[in-house]
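Numbering (the working numbering), first residue to last: 850 to 986.
Just so you know, even glycine gets a beta-carbon here, dropped at the ideal spot from N, CA and C.
Here the structure is a predicted model, which is why all the values come from computation and not from measurement.
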């Protein structure tokens, strides 16, 4: 495979139009057996939602996006890495049926989805501190 230029994704000037999404985990299980966190970042406002989930699968992703949809409507675009939840046929079907353009970032280049990667760098130390102070949470 040859080298190619990176193609930046055009930025939005409208809130809730583009979401960056990803999972953090596997984490120590909570009392409700949540081991992962599904993160949604609005590309324009940088507002972020964190959802505890039991597994990083396509159905969990779809369920949380449907929850977002009931409050904010659907985004026009979703930007993800190439994780199995986001490359599953189930997720591609959902995106297509809802009229959402699904964009994958380039494999091996996490900065392609830098907004979500920044949330990882913020969230993990906070969770570590909270779990150290109270391991039951």
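Taking a contact to mean a Cβ-Cβ separation below 8 angstroms, would you say residue i touches residue j in this structure?
i	j	result
residue 868	residue 892	yes
residue 989	residue 872	Outside the modelled stretch of the chain, which goes from 850 to 986, sits residue 989, for which no answer is possible.
residue 909	residue 940	no
residue 866	residue 945	no
residue 889	residue 918	no
residue 905	residue 934	yes
residue 882	residue 903	yes
residue 864	residue 894	yes
Using only alpha-carbon positions, find the residue among the options that is nearest to residue i.
i	options	result
residue 920	898, 965, 903 and 936	898
residue 928	954, 968, 888 and 912	954
residue 923	932, 911 and 930	911
residue 967	951, 862 and 870	870
Mind checking who residue i pairs with in its DSSP beta bridge?
i	result
residue 953	929
residue 870	889
residue 900	887
Tell me which same chain residues have a C-beta within less than 7 angstroms of the C-beta of residue i, skipping the five on either side of it?
i	result
residue 937	907
residue 950	925 and 926
residue 943	911
Near residue i, which residues of its chain fall below 6 angstroms by C-beta distance, leaving aside the five closest residues on each side in sequence?
i	result
residue 913	887 and 900
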